[in-house]
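Numbering (our numbering), first residue to last: 1 to 314.
Heads up, the beta-carbon is just placed ideally off N, CA and C, and yes, glycines get one too.
Some notes on the structure that comes next.
In structure tokens, the structure reads:
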């Protein structure tokens, strides 16, 4: 009886191990088939890095730095003030420009008022001339008849000449003032336009004392310090846009045989570990990296150009 039970146990063990062997064989076969169909064609690299566009932040006007609101790695939004410059000089310049514009507007406006004044003076001088001409023409025959003396006639003639000269002077003054106005509206007068442009430039210079972020992103490469005097074009820091980043992955040329733009990519960052997988697509394949684009001799160029290529994923 004990011999029969022992045989049954050995038989059950053989069946168990046989079943386990079949299960393991199926599992390994499935894994090998998956690797053959899927993973065999996949390529990977550890030579990759995250990069992005760094928008440089520079001064547009000169001045002394009074405030620096952010440091490296700070998150900023588009329009946030990053750096402020001293506004004293810019404020004074703007006030001067405003006062100059006001004075020029007043002076130019006088020309329009003088236009009416000169027109009235021409009309008055013309009346005086007409009266002098009529008096002279009336007294000429009287002088011939001896009714009036030649001295009286000469006096009338002098008055006529004087009134004629006054009329000509009034006309010239009217024309000269008219030439300054030139039938142009006040806001289009050259002096007014020039002063207005100067005021706009002064206002813009004041606005530029507050240096703002052009994009939303992270501060990098900050070099500016409070108290520093900066000049136009001087680099102060950079802002890396938060949503304009990609991965540059370096592969050997032989690995890129089947790589195509648009293919899906899985990305694992050392920062987050294998439990966090980012998904992306191949957006471009660079023709070379490193020394491929450096200034090297032709003999070395042939060897370097085809050594490496890199795939850019976004």
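### Message
What does the alpha-carbon distance come out to for the pair residue 215 and residue 26?
### Response
Using only the alpha carbons, I get a separation of about 55 Å.
#### Entry: Own chain residues within Cβ distance below 7 Å of residue 208, not counting five before or after
Within the same chain, residue 208 has close Cβ partners 60, 61.
### Query
Should the region 121 to 139 be regarded as contacting the region 161 to 169, the criterion being three or more beta carbon pairs within less than 8 Å?
The region 121 to 139 vs the region 161 to 169: in contact.
#### Entry: Separation of residue 243 from residue 186, as counted between CA atoms
C-alpha of residue 186 to C-alpha of residue 243: approximately 50 Å in a straight line.
### Message
For a cutoff of 9 Å on Cβ pairs, would you count residue 226 as touching chain B?
### Response
Absent from the structure: chain B. Only one protein chain is present.
### the region 45 to 61 / the region 228 to 246 touching (three or more Cβ pairs under 8 Å)
Under the Cβ criterion (8 Å, minimum of three pairs), the region 45 to 61 counts as touching the region 228 to 246.
### Task
Specify the secondary structure class of residue 188 as computed by DSSP and reduced to three states.
Helix, per DSSP.
### Message
Using only CA atoms, which one of 71, 55, 96, 48 lies nearest to residue 347?
### Response
Because the chain is modelled from 1 through 314, residue 347 falls outside the range shown and cannot be assessed.
### Task
Kindly list the residues whose CB is nearer than 8 Å to the CB of residue 52, restricted to its own chain and excluding five residues on each side of it in sequence; keep chain order.
Cβ within range, chain order: 240, 241, 244, 245, 246.
### Message
If the criterion is Cβ atoms closer than 9 Å, does the pair residue 68 and residue 86 meet it?
### Response
No Cβ-Cβ contact shorter than 9 Å links residue 68 with residue 86.
### Task
Go ahead and label residue 263 buried or exposed: buried means 16 or more other beta carbons lie within 10 angstroms of its beta carbon, across all protein chains shown.
By the 10 Å Cβ count, residue 263 comes out exposed.
### Task
Following the continuous alpha helix (DSSP H) through residue 100, name the residue where it begins and the one where it ends.
Annotation: the continuous alpha helix (DSSP H) that includes residue 100 extends over 88 to 145.
### Message
Just to confirm, is the Cβ distance from residue 222 to residue 206 under 9 Å?
### Response
Against a cut-off of 9 Å, the Cβ pair of residue 206 and residue 222 comes out as no contact.
### Query
Taking the alpha carbon of residue 194 as the point to measure from, which residue in 24, 98, 72 has its own alpha carbon closest?
Comparing Cα-Cα distances from residue 194 to each of 24, 98, 72, the minimum goes to 98.
### Query
How about residue 45 and residue 275: are their beta carbons less than 9 Å apart?
No, the pair does not count as a contact, with Cβ atoms beyond the cut-off.
### Message
If you follow the beta strand (DSSP E) that residue 70 is in, where does it begin and where does it stop?
### Response
DSSP places residue 70 outside any beta strand (DSSP E), giving it a letter other than H or E.
#### Entry: Sequence-distant residues of the same chain with beta carbon closer than 6 Å to residue 100, five excluded per side
Around residue 100: 195.
### Query
Who does residue 279 pair with in a DSSP beta bridge?
Under DSSP, the beta-bridge partners assigned to residue 279 are 266.
### Message
Looking at residue 80: is its Cβ nearer than 9 Å to the Cβ of residue 269?
### Response
Residue 269 sits away from residue 80, with the two beta carbons spaced by 9 Å or more.
### Task
Look at residue 255 and residue 43 and say whether their C-beta atoms are less than 9 Å apart.
Judged by their CB atoms, residue 255 and residue 43 are nearer to each other than the 9 Å cut-off.
### Message
What does the alpha-carbon distance come out to for the pair residue 150 and residue 132?
### Response
About 17 Å.
### Query
Rounded to the nearest angstrom, how far is the Cβ of residue 181 from that of residue 115, given a contact under 8 Å?
Rounded, the Cβ-Cβ distance is 6 Å, consistent with contact.
#### Entry: Sequence-distant residues of its chain with Cβ nearer than 8 Å to residue 277 (five each side left out)
Correct list, in chain order: 266, 267, 268.
### Task
Taking 9 Å as the cut-off, decide whether the C-beta atoms of residue 76 and residue 217 are in contact.
Less than 9 Å separates the beta-carbon of residue 76 from that of residue 217.
### Query
Between 227, 189, 287, 271, which lies nearest to residue 107 when the distance is taken from Cα to Cα?
Among 227, 189, 287, 271, the Cα nearest to that of residue 107 belongs to 189.
### Task
Enumerate in chain order the residues of its own chain whose CB-to-CB distance from residue 55 is below 8 Å, with the five nearest sequence positions on each side excluded.
If we look at residue 55 and ignore the five residues flanking it on each side, its Cβ neighbours are 214, 215, 217, 238, 239, 240, 241.
### Query
Who pairs with residue 210 in a beta bridge, going by DSSP?
In DSSP, residue 210 forms a bridge with 84.
### Query
Can you name the start and end residues of the beta strand (DSSP E) that residue 217 belongs to?
From DSSP, the beta strand (DSSP E) with residue 217 extends over 217 to 220.
#### Entry: Assigned secondary structure, residue 224 (DSSP; H/G/I helix, E/B strand, else coil)
Reduced to three states, the DSSP call for residue 224 is coil.
### Query
How would you call residue 122, buried or exposed, if buried means at least 16 neighbouring beta carbons within 10 angstroms?
Residue burial annotation: residue 122 is buried, with at least 16 other C-beta atoms found within 10 angstroms of its C-beta.
### Task
Please report how far the alpha carbon of residue 90 lies from the alpha carbon of residue 211, in whole angstroms.
Here the alpha carbons of residue 211 and residue 90 stand approximately 14 Å from one another.
#### Entry: Residue of 259, 49, 73, 63 minimising C-alpha distance to residue 220
Selected option, being the one with the closest Cα: 73.
### Query
For residue 293, which of helix, strand or coil comes out of DSSP?
Its pLDDT being 49, under 50, residue 293 is placed unreliably in this model, and the coordinates cannot settle the point.
### Message
Beta-carbon within less than 7 Å of residue 201's beta-carbon, same chain only, minus the 5 sequence neighbours each way: which residues are those?
### Response
Around residue 201: no qualifying Cβ.
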